[in-house]
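Presented below is the structure to which this report refers.
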Amino acid sequence: MKRLIAVSISVFILFAANNPANAQTRHGKEVSVSPTVQQNTSSRRLTPFHLVSLSYQGYLKNQGIPSYGSFVSEYHQSYFDARELVKAGIRANLLPADALTNQAYINAVSCELLAFSS
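So for the sequence shown, the numbering used here puts the first residue at 14; every next one is plus one.
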């Protein structure tokens, strides 16, 4: 029952977040506002949290990044780091190539790895 409630709330939040707000001005024109849709699709990329999460789930297994328990253990043994994870994301076409030169993004991935594995 708890799982059903959790899933129902998650689905409700997902639909609520994706529905644009429609407002009418005093002149009767309808204005549509959708804060979740980015105007520039070329700037769209995975957040560091999502990159680490997808890596843990095995989405980068073909790029040499282990999944689940091995992911955490090999990270602790320094078999890979944030830069290697970003490289794997680029090879898997999950990230644009310029992510490798974005030191702030790599630092954020490193912070997510630390938080994820602790």
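Even glycine gets a Cβ: it sits at the ideal position worked out from N, Cα and C.
- Taking residue 107 as the centre and dropping the five residues before and after it, the same chain places the C-beta of 59 closer than 6 Å to its C-beta, in chain order.
- In this structure, the alpha-carbon of residue 122 lies about 14 Å from that of residue 78.
- Its Cα nearest to that of residue 113, the residue 96 stands out among 96, 64, 125.
- Straight-line measurement puts the Cα of residue 74 at about 19 Å from the Cα of residue 109.
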